[in-house]
Amino acid sequence: MNAKDRRNQILDILKNSTQAVNGSQLSKELGVSRQVIVSDVALIRASGIDIISTPKGYILNKNLDDRYIVKTIACKHSRDCTEDELNLIVDEGATVVNVIVEHSVYGQLTGDLHLSSRRDVREFMKSLNENSVNPLSQLTDGIHLHTIKCENEDILNSVLNNLKEKGYAL
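Just so you know, we're using the UniProt record's numbering here: the sequence shown kicks off at 1 and counts up by one.
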């Protein structure tokens, strides 16, 4: 298989997947190294196709789907409240698409998350802890934004009310 066919195959796999596909899965399925997959994804992105890298793997950006309400919310809390905040959002049926901070030197920094369940949150927190890294929000004294995606206004309002109740919403 040549490189162009392989990139088309990667796109087909991502289009037909309902969840993130990690680079190791793609490399095994396509019989190439993970580094080749990383390069292929970079070239696909350069062609204008929006592929997002998440902690779980690659997904096509489908955030503009009209079936969902997409809202950016401002939050502030300490590191030890991160898991609770994320669980509050996913427990209401929303997806935490990303986290955004405004850094004084680097400008806007965005981390794609795509967390939709407590399991996703647990895996994210486990990854933070195992790799001994802090969430992006710690760069800005706990102030951060989340883009959330949900199916209706009721879910959005429940998320916002719960975050305000806990003191996490700005």
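No residue lacks a Cβ here, since even glycine has one placed at the ideal position from N, Cα and C. This one's a predicted model, so the numbers in the text were calculated from it and none came from an experiment.
Any 3 or more C-beta pairs closer than 8 Å across the region 130 to 139 and the region 43 to 58: no
Here's the rule: buried if 16 or more other CB atoms are within 10 angstroms of the residue's CB, otherwise exposed. What is H144? buried
Identify every residue that forms a DSSP beta bridge with V96. L115 and I148
Around the Cβ of T82, are there at least 16 other Cβ atoms within 10 angstroms (buried) or fewer (exposed)? buried
Strand pairing of G107, partner residues [DSSP]: H103
Buried or exposed: where does R7 fall if 16 or more other Cβ atoms within 10 Å of its Cβ makes it buried? buried
If we count Cβ pairs, one from each stretch, closer than 8 Å, do we get three or more for the region 78 to 96 versus the region 109 to 124? yes
Secondary structure of K71, DSSP reduced to three states: strand
May I ask you to report which of helix, strand or coil DSSP gives A20? coil
Could you work out which residue in K149, G23, V97 and L160 is closest to V70 when comparing CA atoms only? K149
Helix, strand or coil for K56? Go by DSSP, reduced to three states. coil
Based on the DSSP secondary-structure assignment, which residues constitute the bridge partners of A169? C75
Pick from I13, N61 and R79 that is closest to L26, judged by C-alpha positions: I13
Quick one: grab the DSSP three-state call for I51. strand
Between C75 and G142, what straight-line distance do the alpha-carbon atoms span, to the nearest angstrom? 8 Å
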